[in-house]
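Novice: Below you will find the structure I want to go over with you.
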């Protein structure tokens, strides 16, 4: 029988196959696996940073085990039984209670019973925790069929500090099966004042049956004093994880807000991004240390820290804090992030875990926010690649006679594709952002360069780095070198923007030195070739060192009139540059300034284009991409179902659960966990969306199915199903197609349709019973008439009896069809027979006055509706009952100790024939099943819950009649045959004895034999002779076989004369006499034949 269960329910009603139910044969008891799970934990402490840090960004959501978050955004957990302790690295932080320094085990050794909790006290004030050890000697349950299943027991551990009342610390249920001792430890943290009392209470009822073993004892407790290691100034994360969820110690990663650094007093931290928001004018002082992602002040902290930085070599006074401040302001400005929102221009997110060369590390940190460090006038300052105005002007007038030297790179070697690597916080792995210059690719093809974005966790920031790199390579690849006079060399600094007017490139001289100047006019050394245009401007260097440009209104000789006044008149001999829209001075960013001989300075600069910043930060949208599903937590399966069915294995029928579910898109593996009836979990991995649990038994099955991604990370929650499996407890279906065909006067062929159920066909039976009633016959009141047929048979020869034949299937577990299929036989009037003996033991005086073995007689049993008869005895002698004197306490005197499995009653008399005869024997048997304590006045439950008001019908009892014979004179010392069962049979013998054998395969079921007897009949027969000659006298005829009693005799004479006659005399069972006479009465000889009709044939 197949049975289907849907998700969320256990399939109520009906039955599958297998389990409880007595009787029958062939079922092998099952034994649950003895593998009660022991829970082990892995403890690990990670040093994640110098302190003090801000801490985990978002609690458990910021902890990743094997690259899977401990907690999801919705608050659900991907891993269970994980304990987390964090320390942020302060000087005075507390210790983490993981490493035990002192352990002192105290024995207890007391069994915990429900009514008597056990308490132990700890007085040592130094104890930080207690490890409570529980021992379960055995945890298992035995069913009536011999199955061994798991069991469970629930307990609570409560703690009381200094008499302040108990609070529950642990509430746990131990489930599974263990055939030998199993121990479980519980760690109880003790945080309150001593003394502390620890109490263990058993919540589950104590077992009152030897079939349920779930006792446990408190074996010991261990006082634990932790090693109090604080690890000051060290940020720590300590984890305690359930080892069952990991094959090895998992990889760990953490999303933290890192080291707190000093920030300017006028700055606040935007906690969403970590950038700084400035207000007002900075006084130059610093506020309290805070977490920030601002790279300028992270570098400042690295340079000044004496614990983990360069503070032993660099003092804060040696740093140009104003340059750092300006760089920080630029870094914290919001720019488009490529996804329709904004983010800080530069953010520093780095965990420096290894020692690095100072030069490299400082330059790496500087690369985060595009600055170049250099030493100037006794201080370390930084120059940032950001938009800036020109700081100085260079022409041939203020450089040496060598002029300007240019050096560039081949266009074909310049990269057209930049691959930028950065740390993706979503995948927690290195990701790559590919930035392409499509115009350059079209011209020069794909030329790829790779760059690692140091401390970068933003895709938008990585994209901007790529854009910056490609732009710089294409438009700022040229380097200019020249030697300047001292007046320029002492002013120009690395990173500054300079303008160069080189006539060798411009084709005209457009720069030189100023002869004289006011704020409105400038007289230059030579204005040849300069003409006024709408876009013409004049750039000069003011005495303050600032470069100013003004429009030109007119040029008269060498005097250039300005459209608007300068803020200050430039000095004579300072430098000027003339520019128009079609010819402009080139712009460069100073790379190096080096002092040379003769009070000269060598300057090297890189081409500079002010438009690149707008290009880089133009907000070009970035395409959202999903690069992997490997670490995406999959959805749980849906539509979990279970179907219960039978299968064949090695000639045996077994039950199984077929589990199926809706497959999850993108998932190729599933983790299936199941356990039976408080048993142990079995876990397996399945590639297909179905799984079979083989050899199931009756009970509740818990089933969980998780989806697994390609990285074998499972779904947050499983698809769950609780199934009330019936194993093989469901009864077979009723027999169909029952018919009976007589083959002679004593036997018939009973036929039926073949069973369709495996557990009937393999190891099952076809049970056949008979009842004398022609209507209303009940299975429980009928008796087996022949040995059961094999479950695969479809026919059986049976004795031919009047009444009702009842047939049921029985499977290999002893379960029988709920309803019997019947065929009624009403025999026609038989040929005449002679009833020679009728036994009716219930009518004897006293009734049933024969010999008993394990049976007894009861005249009237009120619990059985007043029925009386003979019954099976109980398994306990009367003198062993009620040894405490409380007879009223016995549920039933008839069943104390259980009903015996078999008993006999032998009839009180022997029947003897005068010789050896073949007798027709027909049994007479009326029975009633009886289950003590199962009647309406014994029931305590509500009447609506009763199956039957007068008790449950018992079909595990039976009675059969037996006969044995002897061919000797039974009154002497005869030799008897073996007992043989009969229902309707012809049996040969001289002496006959009868008995009944009552059986019960269930110690709770008994039988009442109300009527018991047998009918002995002899068949009618006719003996005919050949032609005989009487002789002239009386002729004695001896029958070939003696009859049981004198038969009817007829004679036919031949060759008789008129007046002849004959006379028959002395008719006995062995013969007769006949005399033929003539008309005168004189004996004469005649020929004749005879016919004798009687009953029985003596052998």
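Numbering (this note's numbering), first residue to last: 3 to 1101. The beta carbon of each residue, even a glycine, is placed where N, CA and C say it ideally should be. Everything numeric in this text was worked out from a predicted model, so none of it was measured.
#1: Would you report the Cα separation of residue 287 and residue 89, rounded to the nearest angstrom?
#2: Can you tell me whether DSSP reads residue 909 as helix, strand or coil?
#3: Who are the near neighbours of residue 1062 in its chain, counting only those whose CB is closer than 8 Å to its CB and skipping five residues on each side?
#4: From 567, 481 and 547, pick the residue whose C-alpha is nearest to that of residue 553; which is it?
#5: In terms of residue numbering, what span does the alpha helix (DSSP H) encompassing residue 1099 cover?
#6: If you pair each beta-carbon of the region 431-444 with each one of the region 454-466, do three or more pairs fall below 8 Å?
#7: By the three-class DSSP mapping on this structure, what secondary structure does residue 1046 have?
#8: Considering only C-alpha positions, which residue in the set 202, 785 and 576 is nearest to residue 116?
#9: Which whole-angstrom value is the C-beta distance of residue 148 and residue 680, which I expect to be below 8 Å?
#10: What alpha helix (DSSP H) runs, 4 residues minimum, are completely inside the region 352-410?
#11: By Cβ distance, which residues of its chain are closer than 6 Å to residue 583, with the 5 residues on each side in sequence left out?
#12: In angstroms with no decimal places, state the Cα-to-Cα distance between residue 696 and residue 827.
#13: What residues in its chain sit with their C-beta under 7 Å from that of residue 406, if we drop five residues either side in the sequence?
#14: Is the Cβ-Cβ distance between residue 672 and residue 709 less than 7 Å?
#15: Could you pull out every residue in the same chain whose Cβ sits closer than 8 Å to the Cβ of residue 256, ignoring the five residues on either side in sequence?
#16: Per DSSP, residue 654 is paired with what?
#17: Using three-state DSSP, classify residue 762 as helix, strand or coil.
#18: Who are the Cβ neighbours of residue 164 in its own chain at under 6 Å, not counting the five residues just before and after it?
#19: With distance defined between alpha-carbon atoms, name the residue in 809, 260 and 448 nearest to residue 822.
#20: With distances taken from CA atoms, which of 1022, 707 and 1053 is nearest residue 1037?
#21: For residue 959, which of 977, 987 and 903 has the nearest alpha-carbon?
#22: Specify the secondary structure class of residue 951 as computed by DSSP and reduced to three states.
#23: Taking C-beta to C-beta, are residue 861 and residue 870 nearer than 7 Å?
#24: When you compare the region 340-351 with the region 268-287, are there three or more beta-carbon pairs, one atom per stretch, that lie closer than 8 Å?
#25: For the ligand MN, any of its heavy atoms closer than 6 Å to the Cβ of residue 924?
#26: Is residue 917 closer than 7 Å to residue 799 when the C-beta atoms are compared?
#27: Would you check if the region 925-935 and the region 1011-1019 touch, i.e. whether three or more CB-CB distances between them fall below 8 Å?
#28: Taking residue 766 as the reference, which of 774, 712, 730 and 773 has the closest Cα?
#29: Could you check what DSSP says for residue 613 in three-state terms: helix, strand or coil?
#30: Which residue spans inside the region 573-612 form an unbroken beta strand (DSSP E) run of at least 3?
#31: Using C-beta distances below 8 Å, list every residue in its chain close to residue 631, excluding the 5 sequence neighbours before and after it, in chain order.
#32: Among the residues of its own chain, which have a CB less than 6 Å from the CB of residue 1084, if the five just before and after it don't count?
#33: In the structure shown, what three-state DSSP assignment does residue 629 receive?
#34: Quick one: what does DSSP say residue 37 is sitting in, helix, strand or coil?
#35: Please confirm if the region 641-659 is in contact with the region 685-701, defined as three or more CB-CB distances below 8 Å between the two stretches.
#36: Got a sec? Which residues, its chain only, sit under 7 Å from residue 977 by beta carbon, not counting five neighbours each side?
Specialist: Answer, in terms of the structure:
#1: Approximately 30 Å between the Cα atoms of the pair.
#2: coil
#3: 1055, 1078, 1079, 1080, 1081, 1086 and 1088
#4: 567
#5: Careful: residue 1099 lies outside any alpha helix (DSSP H) and carries neither H nor E.
#6: yes
#7: Three-state DSSP puts residue 1046 in coil, outside helix and strand.
#8: 202
#9: Not quite, the Cβ-Cβ distance comes to about 18 Å (not below 8 Å), so this is no contact.
#10: 360-370
#11: 537
#12: 45 Å
#13: 482, 484, 502 and 504
#14: yes
#15: 48, 50, 58, 64, 65, 66 and 239
#16: DSSP, once it has assigned bridges, lists 651 as partnering residue 654.
#17: Here residue 762 sits in helix by DSSP.
#18: The answer, listed in chain order, is 195.
#19: 809
#20: 1053
#21: 903
#22: With a pLDDT of 44 at residue 951, under the threshold of 50, the modelled position of that residue is not reliable, and the figure given next carries that caveat. Coil.
#23: Yes, they are a contact pair.
#24: yes
#25: Ligands in the displayed structure: none, and consequently the ligand MN is not present.
#26: no
#27: yes
#28: Cα-wise, what sits closest to residue 766 is 730.
#29: Correct three-state label for residue 613: coil.
#30: Taking only runs of at least 3 residues, the beta strand (DSSP E) segments lying wholly in the region 573-612 are 577-581, 588-598 and 602-609.
#31: Below a pLDDT of 50, predicted positions are generally treated as unreliable, and residue 631, at 47, falls in that range; no measurement from the model is reported.
#32: none
#33: Any reading at residue 629 must be qualified, since the residue scores a pLDDT of 41, below 50, and its modelled position is unreliable; the value itself is stated next. It is coil, neither helix nor strand.
#34: The predicted position of residue 37 is uncertain, since its pLDDT is 47 and thus under 50; no value can be drawn from it.
#35: Yes, the region 641-659 is in contact with the region 685-701.
#36: 968 and 970
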